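Chemist: Dropping the structure in here first, questions after.
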Amino acid sequence: NAGVMQNPRHLVRRRGQEARLRCSPMKGHSHVYWYRQLPEEGLKFMVYLQKENIIDESGMPKERFSAEFPKEGPSILRIQQVVRGDSAAYFCASSRWAGDTQYFGPGTRLTVL
Amino acid sequence: AQTVTQSQPEMSVQEAETVTLSCTYDTSESDYYLFWYKQPPSRQMILVIRQEAYKQQNATENRFSVNFQKAAKSFSLKISDSQLGDAAMYFCAGRDNDMRFGAGTRLTVKP
């Protein structure tokens, strides 16, 4: 059973470009969570999605950030007009149901030049 | 919402010895879960152990065990017979309506 998959593992963007991060949950998992980890810090919750629905986006910045989890395909975290402060590791996790254990992907390290 | 606090930024243990990592949490919910995750240099987040709040018995996974003190809102992780591969960042996390992580404890294992 493949784990949570994220791609790309590393992404370099220049200021003002767009970043798209992808997450494929574990088989049988319909709940997806995105977290951001700044250097030497813990994970900060960003958004929680089920198929085609955003359940909780209380951790998402109000501008430039969006997330989706379509009926088919991976979940996408999209950052428009990236700035240097967006440089971080972005982790995706998935679970079978809302209260179940979350299993994490390997993360995408975004570097903004 | 809740808070999770890890007061030890760094800890060190001799190989084969035992070490305890501290974590406190605060939640107003009666139904919640607590977790310890390990993050080695590869940055992968690996689940170490999970505790359901309604269970009085402390969770155990091989060399890893927790001391869950519900009244004190304490959830410490004990690593017995420490191995070099245990060296990593350890994050305590709690989940009620959402998931919150502590700031982490960096564990060094000395040979």
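Chains as they are written, first to last, in the working numbering: chain X, 1 to 113; chain H, 1001 to 1111.
Cβ coordinates follow ideal geometry from the N, Cα and C atoms, glycine included.
Just so you know, these numbers come straight off a predicted model, no measurement behind them.
Could you round the C-beta distance between V112(X) and V82(X) to whole angstroms and report it? I think they count as a contact, below 8 Å.
Modeler: So it is a contact: roughly 5 Å between Cβ atoms.
Chemist: Short check: CB of F1075(H) to CB of F1064(H), under 7 Å?
Modeler: No; because the gap between Cβ atoms is not below 7 Å, this pair is not in contact.
Chemist: Name the chain X residues that come within less than 8 Å of Y1033(H), Cβ to Cβ?
Modeler: Correct list: G99, T101.
Chemist: Give the residues from the region 32-45 of chain X that approach chain H closer than 9 Å (Cβ to any Cβ), ordered along the chain.
Modeler: From the region 32-45 of chain X, only Y33, Y35, Q37, E40, E41, G42, L43, K44, F45 have a Cβ closer than 9 Å to chain H.
Chemist: Scan the region 52-64 of chain X for residues whose Cβ lies nearer than 9 Å to a Cβ of chain H and list them as they occur along the chain.
Modeler: Of all residues in the region 52-64 of chain X, D56, S58, G59 have a Cβ within less than 9 Å of some Cβ in chain H.
Chemist: Just verifying my parser: in three-state terms, what is the DSSP assignment at D1026(H)?
Modeler: Strand, per DSSP.
Chemist: With respect to the beta strand (DSSP E) encompassing F69(X), which residues constitute its N-terminal and C-terminal limits?
Modeler: No beta strand (DSSP E) contains F69(X), which DSSP labels as neither H nor E.
Chemist: How about V1048(H) and V1109(H): are their beta carbons less than 7 Å apart?
Modeler: In this structure, V1109(H) does not lie closer than 7 Å to V1048(H) by Cβ.
Chemist: If we cut at 7 Å on Cβ distances, does M1011(H) have a partner in chain X?
Modeler: Chain X, which has no Cβ nearer than 7 Å to the Cβ of M1011(H), makes this no.
Chemist: Can you tell me whether P25(X) is buried or exposed? The criterion is at least 16 other CB atoms within 10 Å of its CB, across all chains shown.
Modeler: Buried: at least 16 other Cβ atoms inside 10 Å.
Chemist: Could you work out which residue in W1036(H), E1052(H), L1021(H), P1041(H) is closest to E1029(H) when comparing CA atoms only?
Modeler: Ranking W1036(H), E1052(H), L1021(H), P1041(H) by Cα distance to E1029(H) puts E1052(H) first.
Chemist: Can you pull the chain X residues whose beta carbon is under 8 Å from the beta carbon of A1087(H), in chain order?
Modeler: The contacting residues do not exist; A1087(H) stays about 16 Å from chain X at best.
Chemist: Counting pairs of Cβ atoms below 8 Å between the region 48-55 of chain X and the region 1006-1024 of chain H, do you hit three or more?
Modeler: The region 48-55 of chain X vs the region 1006-1024 of chain H: no contact.
Chemist: Mapping DSSP to helix, strand and coil, what is G28(X)?
Modeler: Looking at G28(X) - three-state DSSP - the assignment turns out to be coil, as it is neither helix nor strand.
Chemist: Give me the chain X residues within the contact set of A1103(H), using Cβ-Cβ distance strictly less than 7 Å, ordered along the chain.
Modeler: Chain X residues near A1103(H): E41, G42.
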